[in-house]
Amino acid sequence: MLEIIGLFFLSRRNGRVAAEKGYDKVPIIVMTVALWVGLEVIGVVLGLSVSDELGSILLCGILGAIIGAVSSVIITNNLQSKNAPADAAAASKGAAASSKSGNAFSHKATVTFKEQWICENCGAQNAVFDDEKCFKCGEPKP
Ligand SMILES: [Zn+2]
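The opening residue of the sequence shown carries number 609 in my numbering; numbering runs sequentially from there.
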């Protein structure tokens, strides 16, 4: 009974963490239950193979369940967040980064525009990086 309560709370906790990261709760809850129960059964089987004492066999089962529970928490905690912008810290960081790159871009664009030069021979607009000669006719920069 106590075990079912523990499994219920662990499943709910893992499901919530997964949902916060943008994942479906159900597979995480299934994984949590499978790890807990699966490793508990493996623990009991191993216990039966090494001991005839009920206490030892149950202890192996409990250890298996604990390993399963801890594994499910580690797996859930290590899920990559799918909705990084929804994360408060990531959102502010992302906004700062995008506004910074936006400024850098417009600044660069302005500079490029200012430093464009018009070819006297053919009237082509040359970017600053077409430095010495007109890209169209090869006329030297005035
Ligand atoms: Zn030209």
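Cβ atoms here follow ideal geometry from the backbone N, Cα and C, with glycine treated the same way.
- Looking at S664, W644, A732 and C730, the one whose alpha-carbon comes closest to that of G614 is W644.
- Taking the CA atoms as reference points, G646 sits about 31 angstroms from N691.
- In terms of Cα proximity to G746, the closest of I612, T640 and C727 is C727.
- Non-local C-beta neighbours of T684 in its own chain, meaning closer than 7 angstroms and more than five positions away in sequence, comprise N622, V625, A626 and I636, ordered along the chain.
- K629 places its beta carbon less than 8 angstroms from that of S689.
- For P635, the uninterrupted alpha helix (DSSP H) run begins and ends at K633 to V658, by DSSP.
- When DSSP states are grouped into helix, strand and coil, N685 belongs to the helix group.
- Close CB contacts of A732 within its chain, under the 8 angstroms cut and outside five residues either way in sequence, are with I726, C742, F743, K744 and C745 (chain order).
- Under the three-state reduction of DSSP, N622 is assigned to helix.
- The set of residues with a C-beta under 5 angstroms from any non-hydrogen atom of ligand 1 comprises C727, N729, C730, A732, C742, K744, C745 and E747, given in chain order.
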